[in-house]
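Read through the structure below, which is laid out as structure tokens, and then see the notes.
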Amino acid sequence: MNWQELRAKLDSTDMLGRVLAFPEQMEAAWKIGAGFAPAAEPLREKKFERVVIAGMGGSAIGGDLAKSFLSDRATPITSCRDYALPKNVARGALFVASSYSGNTGVTLAAYDAARGVVAAMVAVTSGGELAARCARDGVPCCIIPGGMPPRAAIGFSLLPMLHVLRAAGAATFDDSEYDEALGVARERCAEYAPTRDDNAAIKLAKALHGKTAFVYAAPSLLEGVARRWSCQFNENSKTLAHFAFFPELNHNEIVGWEVGDIMKRAVILSLQDRDDHPMTRRHADVGLSLMKPFAGAIERYETPASGRLSRMLATMLLGDFASVYLAYLNGVDPTPVKKIDALKKEMSR
Ligand code: PA5
Numbered sequence: 093m094n095w096q097e098l099r100a101k102l103d104s105t106d107m108l109g110r111v112l113a114f115p116e117q118m119e120a121a122w123k124i125g126a127g128f129a130p131a132a133e134p135l136r137e138k139k140f141e142r143v144v145i146a147g148m149g150g151s152a153i154g155g156d157l158a159k160s161f162l163s164d165r166a167t168p169i170t171s172c173r174d175y176a177l178p179k180n181v182a183r184g185a186l187f188v189a190s191s192y193s194g195n196t197g198v199t200l201a202a203y204d205a206a207r208g209v210v211a212a213m214v215a216v217t218s219g220g221e222l223a224a225r226c227a228r229d230g231v232p233c234c235i236i237p238g239g240m241p242p243r244a245a246i247g248f249s250l251l252p253m254l255h256v257l258r259a260a261g262a263a264t265f266d267d268s269e270y271d272e273a274l275g276v277a278r279e280r281c282a283e284y285a286p287t288r289d290d291n292a293a294i295k296l297a298k299a300l301h302g303k304t305a306f307v308y309a310a311p312s313l314l315e316g317v318a319r320r321w322s323c324q325f326n327e328n329s330k331t332l333a334h335f336a337f338f339p340e341l342n343h344n345e346i347v348g349w350e351v352g353d354i355m356k357r358a359v360i361l362s363l364q365d366r367d368d369h370p371m372t373r374r375h376a377d378v379g380l381s382l383m384k385p386f387a388g389a390i391e392r393y394e395t396p397a398s399g400r401l402s403r404m405l406a407t408m409l410l411g412d413f414a415s416v417y418l419a420y421l422n423g424v425d426p427t428p429v430k431k432i433d434a435l436k437k438e439m440s441r
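Residues are numbered in this note's numbering as their position in the sequence shown, beginning at 1, plus a constant of 92.
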């Protein structure tokens, strides 16, 4: 397969180049976050009961990854992907609005709903109406560079948010975890580059060509990553994908694997991490063995043995690269998301 030829022919904004440049984006995002942290430090005094991260799509995933990474050492984090913000969730909360464009109606509505109800507010955005409202309201706003598809700016959605949460006293982590993750991201980007046709990302894309992906994981470290894989297959590869979690899926979804031929076009991608509960791992083993006769294929991935941030981002990158290669195999441009654009236009009337 001549990947460079497909890249030149199909990839209008060089999505592959953006994924390859993720380590550089991490470095820039980390610097921005560190520079912004002092603005969030006065929030420490509030002693938050929880953190609510409001955002949609590519911008929400940064919050999901932060939640997964910090699950064992942060004030409880809740995602808000809706216009409304229940009052029992909002009270005593640090509210973080995350919108890459700054113009997403749902996130702006959640921002408005949070005003006067939550304990404190902060935002991460490249500008737009969200930055304007923050300036109007005196809300600290971390400005990240614009001009990318939001999902390609995942480093900018995630890393400044980690700085914000730590500076506000809502999370603890060590800078060394970032240093390690940066090294691992560099290794992974070299490994998944199109120079070798037998790399794991290309193999994954080939396994998914003409199929639907069912991404299964445990709801521990890889919850955000499973969603990211599914969304990247949707938006970059223009293909349907689905995600669900063990052990819950063994109590409902597993029964759906009985419809014969249709499911032969489905590939189960099972993501596992060493922090998964041992019984959840057993659920995965037993559940997958029961689904095997019905599925087109089952591919299993174990995170590499390194720190939590490294494991999470390394696994995310495998999905990011595979989604771009799958776009090429599907003969589509990874960048445009015409239906999302049309929907936003219609909803803004
Ligand atoms: O990837 C995309 O383009 C979408 O999922 C967007 O992230 C989503 O529509 C929200 O937009 P924004 O990230 O600008 O708030």
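Glycine included, every Cβ here is placed at the ideal spot set by N, Cα and C. Source: prediction; values computed, not measured.
query	result
Short Cβ contact (8 angstroms threshold) for A263 with S402	no
Distance cut-off 7 angstroms: G150 Cβ against heavy atoms of ligand 1	yes
Cβ pair S193, S163 closer than 8 angstroms	no
Any alpha helix (DSSP H) of 4 or more consecutive residues that is wholly inside the segment 165-219	179-182, 197-206
Cβ-heavy atom distance, G352 to ligand 1, below 7 angstroms	no
beta-carbon R207 near ligand 1 non-hydrogen atom, thresh 7 angstroms	no
S440 versus K431 - alpha carbon distance	14 angstroms
Simplified DSSP state of L361, which is helix, strand or coil	strand
Heavy atom of ligand 1 within 7 angstroms of E221 beta-carbon	no
Beta-carbon proximity of M253 to S329, cut-off 8 angstroms	no
Proximity test, R243 beta-carbon vs ligand 1 heavy atom, cut-off 7 angstroms	yes
8 angstroms Cβ shell around F335 - same chain, five flanking residues per side excluded	F306, V307, Y308, A309, A318, R319, W321, S322
Cα-Cα separation between C172 and G150, rounded to whole angstroms	13 angstroms
Cα-Cα separation, E119 to G127	12 angstroms
Cutoff 6 angstroms; reference T196; Cβ partners in own chain excluding five residues on either side	M148
Exposure of A414, with buried meaning 16 or more beta-carbon neighbours within 10 Å	buried
P286 burial status per 10 Å Cβ neighbour count (16 or more: buried)	buried
Cβ contact check for the segment 416-432 and the segment 381-392: 3 or more pairs under 8 angstroms	no
R280 burial status per 10 Å Cβ neighbour count (16 or more: buried)	buried
Beta-bridge partners of A146, as assigned by DSSP	C172, A189
Pairwise C-alpha distance: L314 and R373	13 angstroms
Test item: CB-CB of T427 and P241 under 8 angstroms	yes
Residue environment, H375, which counts as buried when at least 16 other CB atoms sit within 10 Å	buried
Contact belief for L108 with V416 at Cβ below 8 angstroms, rounded distance in angstroms	5 angstroms
Residue burial classification, A352 (beta-carbon count within 10 angstroms, cutoff 16)	For the sequence presented, residue 352 should be read as Gly rather than Ala. Per the 10 Å Cβ criterion, exposed.
Coarse secondary structure for A376, derived from DSSP in three states	helix
First and last residue of the uninterrupted beta strand (DSSP E) at V307	304-309
Straight-line gap, I246 to A100 (C-alpha atoms, nearest Å)	24 angstroms
Cβ-heavy atom distance, Y192 to ligand 1, below 7 angstroms	yes
Cβ-heavy atom distance, V188 to ligand 1, below 7 angstroms	no
For R183 and D368, the rounded distance between their alpha carbons	31 angstroms
Where E116 sits in the DSSP three-state scheme	helix
Counted within 10 angstroms of its Cβ, other Cβ atoms place S344 as buried (16 or more) or exposed	A small correction: the amino acid at residue 344 is Asn; Ser does not occupy that position in the sequence shown. Exposed, by the Cβ-count rule.
Residue(s) in a DSSP beta bridge with E391	L361
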